[in-house]
Structure formats: structure tokens, C-alpha cells
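**Student:** Below you'll find the structure I mean.
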Amino acid sequence: MPPIFDIADPSEFSEMALDIFAHQCKGNAVYGAFCKHLGKSPQNVANLEDIPFLPIEFFKSKTIVTGSGRPQVTFTSSGTTGHQTSQHHVTDPTLYKTSFSKGFERFYGPVTNYCILALLPSYLERSGSSLIYMMNDLIRESGHPKSGFYLDNLDQLAHTLQVLETQKTKTLLIGVSFALLDFAEKYPCKLQHTIVMETGGMKGKRRELVREELHAILKSGLGVRTIHSEYGMTELLSQAYSTGDGLFNTPPWMKVLVRDTEDPLSYLPTKKTGGLNIIDLANKNSCSFVATQDLGKLHPDGRFEILGRYDHSDIRGCNLLVL
């Protein structure tokens, strides 16, 4: 079998996923007990749909680690006061760096082609953010002297964007939704050489908007034709990207299935709304099979869209980074 990041086709993905399932079923105490409770083992699991998906809530109360490696970094989810946050113990950070680097390059080309402006709190503002870890590394790898983080200094961001636009520099502006809205309202502009990418997030700061309304406001305020999106979470080591139509593409080592909300062990066909189950093979040292609390649907071409969250879910995610 090829390495995780060299998977070439669905059959290689399925074979590797089943191998990792067997490895995690044996080497991850929490996931192994969960599989045993469901009567699932490598002996009776023959395809992806048979694999048990660990509810994402387990990351809040259990240590999810496969093997005997010691955690080198622990990512924590954002959360409101009184809410328990997820912890993702990563024993091999190079897996994460390889995953986000190769994932970004797959959809956007070499990071060295960009100046990266992150409208997010700096990695010093909140410890444990996997998003900040990723952006800090991509900013460094870009090698551009103007790449960096922005939080409240929107005037400086506006000035930097103006300079980069004048120089026709290929730029990526990535930010939480409400921060991008604040910027678009205070500093309307027409960006011709900049990709604008939102990571989601409005709760606690602004009125919730459906994606179409959010993107329409940002496109108008920032003068761009499309708004890109990034989909990731604390409990995963891989990201999916949308290049402007709200439909997300996954890298070859990541796959999304849609489960029936009434029967979580069964799956729905394309274009039917259900809960998202995510296979992330980069998560081989924790759990590669995660049942999220996101609602969405698959499309026939393999892309997926996000339609919301279960009503009882915690407020969580990158939208809370600056709270």
C-alpha cells in the first residue's frame, strides 16, 4: 500500500481505511471498546459503511490515542464558559503539517505563491488552536514579508491589502466570517488579486446568516466574484476546501459519508441531508472515523455541503476564536 498522502484511487483509500480501522480497533482503548459495544471487529467489517464512527463528543471526555506514542501537541476546541472542550492529542505533529500542506497545495498550488493574511487571533492569543497552528506554519512557509496575523488592526490590514493589490501580488485573505464582515463594512474595496476565504463563524458576535447571504455581502464589500471556504475541526488533521460555490472538496486521504439522523448506523444517498461522518486517514494515531455534529449532504461528484448543526450541539469551532 502507498503512504497515506500518496493514495491514488478509491480502492486504495478503502484498503488503507480498513487497515487503519483494524489497527485502531486493537490499539485505541476507547475506540476499541466502542467497536466491541457495537459488535464490530476486523473480522466482520468488510467495507467503509461497516466501520463504526466514534461520536465526536468522546474527544471531550476521553483520551483518544492509538498506540503507545506520547502526545507532542494537544489541540483544544473553542468553547463558551461552562462548556467542556474537545482535546485532540497528536503524537506525531508532522502528520498534521504534511496533511495541511499537501491539502492546501492540492487545491491552491504552492504556498510560496501567496502572501497570506489571516484575520484571526494570533497563535499567542489562544493556545491549542489547530487552525492557528496551521496558519502560522503556512504564513511562515509562504516566505512573504507581509504575510501575518490580524485581529483588531483592520486599518493596517486595509493598508497592506492596498499595497499588495497595487503590486498585483497573489494574496490569500482568510478569516472568521464575522471578522470578514466587519472588515468589508469598514473598508469596502475591490480585490482583484486576492482570494477571500472564510472559515465559518458568527455565533456570539453577529446575526446568523445563511451561506448565500454571507457570501453575497462579502462579495459586494470586497469586490470579489467568489468567496472560498475552509472546513476543518480540532478533532481532525485534514481540511476540505470550497472554491466558491459552497461545495467542499476533500483530499484523497479524507472522505465524507452522510448518516441517517434517525438511524446513525445507516447511510443516505446523495442529495439527502444527514449527519456527516468523516474518515481522515491522517488521524491514524488517534481516530480516523469521526461522527460529527454537522448536517450536510453529498453530491454525485463526491463534493459535500454543510447545512447546519444538530440543534443540541455546543457552540464550537473557529467562530469562537476571538471570544
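Going by our numbering, the letters in the sequence shown line up with residues 764 to 1086, in that order. Idealized CB from N, CA, C, for every residue including glycine. From a predicted model like this one, the values you see are computed outputs, not experimental measurements.
#1: If I follow the unbroken alpha helix (DSSP H) through Met-779, where does it start and stop?
#2: Where are the beta strand (DSSP E) runs, 3 residues long or more, that stay fully inside the stretch 850-923, in chain order?
#3: Write down every uninterrupted run of the beta strand (DSSP E) in the stretch 935-969 whose length is 3 residues or greater and which is fully enclosed by it, in chain order.
#4: Could you check what DSSP says for Asp-1026 in three-state terms: helix, strand or coil?
#5: Quick test of your reading: Ala-1003 and Thr-1013, contact by CB under 8 Å. State the CB separation rounded to the nearest angstrom.
#6: Based on Cα-Cα distance, which residue from Val-793, Val-808, Gly-832 and Asn-810 lies nearest to Phe-822?
#7: Determine the burial state of Tyr-1073: buried for a count of at least 16 other Cβ atoms within 10 Å of its Cβ, exposed for fewer.
#8: Go ahead and pull the three-state DSSP assignment for Tyr-994.
#9: List the endpoints of the continuous alpha helix (DSSP H) containing Glu-975.
#10: Between the stretch 1052-1064 and the stretch 801-818, can you find at least three pairs of beta-carbon atoms closer than 8 Å?
#11: For the stretch 1028-1035 against the stretch 1059-1071, do three or more pairs of beta-carbon atoms, one drawn from each stretch, fall closer than 8 Å, so that the two count as touching?
#12: Taking just the CA atoms, how far does Gln-955 sit from Thr-929?
#13: Leu-887: buried (16+ other C-beta within 10 angstroms of its C-beta) or exposed?
#14: If you draw a straight line from the C-alpha of Asn-1082 to the C-alpha of Asp-769, how long is it?
#15: Going by alpha carbons, who is nearest to Gly-984 out of Cys-1050, Val-973, Phe-912 and Ala-947?
#16: Quick one: what does DSSP say Ile-1069 is sitting in, helix, strand or coil?
#17: By how many angstroms is the C-alpha of Glu-975 removed from the C-alpha of Glu-1068?
#18: What do you reckon, are the CB atoms on Pro-922 and Met-960 nearer than 8 Å?
#19: Helix, strand or coil: how does DSSP classify Gln-925 here?
#20: In the DSSP assignment, what are the bridge partners of Ile-1042?
#21: Under three-state DSSP, which class holds Phe-728?
#22: Would you identify the three-state DSSP class for Ser-824, choosing helix, strand or coil?
#23: Which whole-angstrom value is the C-beta distance of Phe-867 and Leu-901, which I expect to be below 8 Å?
#24: For Thr-826, I'd like the list of residues in its chain whose CB is within less than 8 Å of its CB, leaving aside the five on either flank, ordered along the chain.
#25: Could you pull out every residue in the same chain whose Cβ sits closer than 7 Å to the Cβ of Glu-820, ignoring the five residues on either side in sequence?
#26: If you draw a straight line from the alpha carbon of Glu-778 to that of Ile-1042, how long is it in whole angstroms?
#27: Would you grab the beta carbon distance between Phe-776 and Lys-1018 for me? Rounded to a whole angstrom, and I think it's under 8 Å.
#28: Looking only at its own chain, which residues have a Cβ that is under 6 Å from the Cβ of Tyr-913, when we skip the five neighbours before and after it?
**Tutor:** Well, looking at it:
#1: In the sequence shown, the residue the question calls residue 779 occupies position 16. Bounds of the alpha helix (DSSP H) holding Met-779 are 773-790.
#2: 850-853, 878-882 and 911-913
#3: 957-961
#4: As a first step, residue 1026 is located in the sequence shown; it is residue number 263 there, counting from the start. It is coil, neither helix nor strand.
#5: The residue labelled residue 1003 in the question sits at position 240 within the sequence shown. The residue labelled residue 1013 in the question sits at position 250 within the sequence shown. Right, their Cβ atoms sit about 5 Å apart.
#6: Counted from its first residue, the sequence shown places residue 822 at position 59. Cα-wise, what sits closest to Phe-822 is Val-793.
#7: Your numbering for residue 1073 matches position 310 in the sequence shown. Tyr-1073 is exposed by the Cβ-count criterion.
#8: Numbered from its first residue, the sequence shown carries residue 994 at position 231. Tyr-994 falls in the strand class under three-state DSSP.
#9: Start at 1 with the first residue of the sequence shown, and residue 975 comes out as number 212. Note, Glu-975: alpha helix (DSSP H), 974-985.
#10: Touching, yes, given that three or more Cβ pairs across the two stretches are closer than 8 Å.
#11: Of all C-beta pairs linking the stretch 1028-1035 to the stretch 1059-1071, three or more are shorter than 8 Å, placing the two stretches in contact.
#12: Within the sequence shown, residue 929 is the residue found at index 166, counting from 1. Within the sequence shown, residue 955 is the residue found at index 192, counting from 1. Going from the Cα of Thr-929 to the Cα of Gln-955 covers about 10 Å.
#13: Taking the first residue of the sequence shown as 1, we reach residue 887 at position 124. In this prediction, Leu-887 has a pLDDT of 41, which is less than 50 and means its spatial position is unreliable; what the coordinates show is noted afterwards. It is exposed - the Cβ of Leu-887 has fewer than 16 other Cβ atoms within 10 Å.
#14: Stepping through the sequence shown from its first residue, residue 1082 is reached at position 319. Stepping through the sequence shown from its first residue, residue 769 is reached at position 6. In this prediction, Asn-1082 scores a pLDDT of 40, lower than 50, which makes its location untrustworthy; no coordinate-derived value is stated.
#15: One-based indexing of the sequence shown puts residue 984 at position 221. The option with the nearest alpha carbon to Gly-984 is Ala-947.
#16: For the purposes of this step, residue 1069 is taken as the residue at position 306 of the sequence shown. In the structure shown, Ile-1069 sits in a strand (DSSP, three-state: E or B).
#17: For the purposes of this step, residue 1068 is taken as residue 305 along the sequence shown, with counting starting at 1. For the purposes of this step, residue 975 is taken as residue 212 along the sequence shown, with counting starting at 1. Glu-1068 and Glu-975: Cα-Cα distance of roughly 12 Å.
#18: As a working note, residue 922 is residue 159 in the sequence shown. As a working note, residue 960 is residue 197 in the sequence shown. Reading the sequence as shown, one finds His at residue 922 and not Pro. Going by C-beta atoms, His-922 is not nearer than 8 Å to Met-960.
#19: Within the sequence shown, the letter at position 162 stands for residue 925. In this structure, Gln-925 counts as helix in the three-state DSSP scheme.
#20: Locating residue 1042 in the sequence shown gives position 279, counting from the first residue. Per DSSP, Lys-1018 and Phe-1052.
#21: This structure cannot speak to residue 728, because the chain is shown only from 764 to 1086.
#22: Reading the sequence shown from its first residue, position 61 is the one you call residue 824. In the structure shown, Ser-824 sits in a helix (DSSP, three-state: H, G or I).
#23: Taking the sequence shown and counting its residues from 1, one reaches residue 867 at position 104. Taking the sequence shown and counting its residues from 1, one reaches residue 901 at position 138. Yes, Phe-867 and Leu-901 are in contact; Cβ-Cβ is about 7 Å, under 8 Å.
#24: One-based indexing of the sequence shown puts residue 826 at position 63. The residues are Val-793, Gln-850 and His-852.
#25: Start at 1 with the first residue of the sequence shown, and residue 820 comes out as number 57. Taken in chain order, the list of residues that qualify is empty.
#26: Your numbering for residue 778 matches position 15 in the sequence shown. Your numbering for residue 1042 matches position 279 in the sequence shown. Those two C-alpha atoms are separated by around 13 Å.
#27: Here the question's residue 776 lines up with position 13 in the sequence shown. Here the question's residue 1018 lines up with position 255 in the sequence shown. Confirmed, about 7 Å.
#28: As a working mapping, residue 913 is identified with position 150 in the sequence shown. Same-chain partners within the cutoff: Leu-882 and Leu-920.
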